[in-house]
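Working notes, beginning with the structure itself.
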Amino acid sequence: MQAKIIDGKAIARDIKEELRVEVERLKANGTVPTLAVVLVGGDPASAVYVKNKKAACAHVGIRSLSYELPADTTEASLLELVEELNSRQDVHGILVQLPLPVQIDEDKVLMAIRPEKDVDGFHPMNVGNLSIGRPGFVSCTPAGILELLKRTGIQLKGKKCVIVGRSNIVGKPVAMLLLREHATVTICHSRTEDLPGECRQADVLVAAVGIPNFIKGSHVKPGAVVIDVGINRLADGKLCGDVDYVECLEVAGHITPVPGGVGPMTIAMLMKNCVEAASK
Ligand code: GUN
């Protein structure tokens with residue numbers, strides 16, 4: 015039987031509609047939720063991401079402030095801007111689009127953002143809070159994955175979840191979130207022995223490796239939920255995930271498409287974090 019397709023675009027749309035109502039309420043109480051978006055240099059992919067984030071802000075009713083800095087911006091001047099945004103009462107969220115040019119230490123910049131305004135959830139304070147079960151901002155892609163699973167009605171308690179990929183921005187935080195839901199969690203990576211065998215144990219398989227079509231039908235337990243975090247651009251310009259969609263569609267119980275799965279959820283959760291930052 016063919017897998018049910020998890021429609022991330024539709025779920026993200028629902029979330030943004032819910033947020034619109036919340037933003038109206040905040041505005042009626044005198045708070046205009048505001049996100050400062052900082053882009054350094056002219057990386058074309060980053061420019062597209064930033065454009066999409068600003069469009070989502072406009073859709074939900076969040077005010078966005080744009081800071082587009084030249085590629086030769088110094089670390090000191092970027093840190094100065096972050097400090098200014100940290101101290102502004104009317105700015106609730108700060109997003110510095112990554113990657114940054116080589117002369118700038120990304121960690122230093124991310125650590126300079128006040129944790130209460132860190133809507134990306136990249137500050138070590140927020141990462142630490144997630145790992146010890148304290149409240150704080152959760153990074154948007156992992157939060158989006160959890161929201162997709164919850165809104166699809168997937169039970170996680172006691173289930174075996176296997177994550178392929180151990181990055182700081184996806185693999186590790188997804189593991190923490192699933193653990194918080196009482197799942198049994200395994201993180202696999204490039205050095206894992208018998209990766210297909212580990213994957214075949216999974217009730218929920220999350221692929222975040224950055225390799226096109228890496229997860230084959232033979233990696234998937236029949237009926238499993240397959241979440242594809244990959245966004246890979248092929249030579250012909252088409253987008254493709256980390257999951258071989260055609261093969262896995264025949265084996266999985268649920269599957270996310272690329273595009274239209276996890277991607278739209280990332281932006282929806284960024285909006286959610288901004289609204290939360292403004293509500294405090
Ligand atoms: N670059 C790629 N993904 C992201 C993201 O989620 N946030 C930021 N700030 N930069 C990114």
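Note that the sequence shown covers residues 15 to 294 in this note's numbering.
Using N, Cα and C, we set each Cβ at its ideal position, and we do this for glycine too.
#### Entry: Outcome for V188 when other beta-carbon atoms lying within 10 angstroms are tallied against a minimum of 16
Counting the other Cβ atoms within 10 Å of the Cβ of V188 gives 16 or more, which makes it buried.
#### Entry: Spatial distance of V37 from F136 (CA atoms)
The straight-line gap from Cα to Cα measures roughly 24 angstroms.
### Task
Can you grab the Cα-Cα spacing for the pair Q215 / G275, in whole Å?
Cα to Cα, the separation comes out at about 23 angstroms.
### Query
Per DSSP, G107 forms a beta bridge with which residues?
L49.
### Message
Whole angstroms are fine: how far does the CA of V289 sit from the CA of I201?
### Response
Straight-line Cα distance between these residues: approximately 31 angstroms.
### Query
What residue does the beta strand (DSSP E) around A82 start on, and which one ends it?
For clarity, residue 82 is Glu in the given sequence; the question names Ala instead. Counting along the chain, the beta strand (DSSP E) containing E82 begins and ends at 77-83.
### Message
Closest to L284 by C-alpha separation, out of L40, E32, A70, M15, would be which residue?
### Response
With respect to the C-alpha of L284, the residue from L40, E32, A70, M15 having the closest C-alpha is A70.
### Task
For the beta strand (DSSP E) holding V178, just list the boundary residues, first then last.
Annotation for V178: the continuous beta strand (DSSP E) segment containing it runs 174-178.
### Message
In whole angstroms, give me the CA-to-CA distance for I177 and T48.
### Response
Approximately 34 angstroms, taken between the alpha carbons.
### Query
Could you give the distance in angstroms between the alpha-carbon of L219 and the alpha-carbon of A42?
Computed Cα separation, rounded: 43 angstroms.
### Message
Tell me whether L112, by its Cβ, gets closer than 8 angstroms to a heavy atom of the ligand GUN.
### Response
Placement of the Cβ of L112 at a distance of less than 8 angstroms from at least one heavy atom of the ligand GUN is found.
### Query
For N227, which of helix, strand or coil comes out of DSSP?
In this structure, N227 counts as coil in the three-state DSSP scheme.
### Query
Which of the three DSSP states, helix, strand or coil, is assigned to I159?
Residue state, collapsed to three classes: helix.
### Message
Closer than 8 angstroms is the cut-off here; do at least three beta carbon pairs connect the segment 254-273 with the segment 18-33?
### Response
A contact between stretches requires three or more CB pairs, one per stretch, nearer than 8 angstroms, and the segment 254-273 meets this requirement with the segment 18-33.
#### Entry: Straight-line Cα distance separating P226 from I245
Per the coordinates, the alpha-carbon of I245 lies some 8 angstroms from the alpha-carbon of P226.
### Message
At the level of alpha carbons, what is the spacing between V257 and K230?
### Response
When rounded, the distance between both Cα atoms is 7 angstroms.
### Task
Spatial neighbours of P138 within its chain, please: CB distance less than 7 angstroms, with the 5 preceding and 5 following residues excluded, ordered by chain position.
Counting only Cβ-Cβ distances below 7 angstroms, and skipping sequence neighbours, we find M125.
### Query
What did DSSP end up calling T198 once you bin it into helix, strand or coil?
DSSP places T198 within a strand segment (E or B) once states are collapsed to three.
### Message
Considering only their Cβ atoms, is the gap separating G55 from L83 smaller than 9 angstroms?
### Response
Yes, these two residues count as a Cβ contact at 9 angstroms.
### Task
Only counting runs of 4 or more residues, tell me where the alpha helix (DSSP H) segments fall wholly within the segment 213-267, in order along the chain.
The qualifying runs are 259-263.
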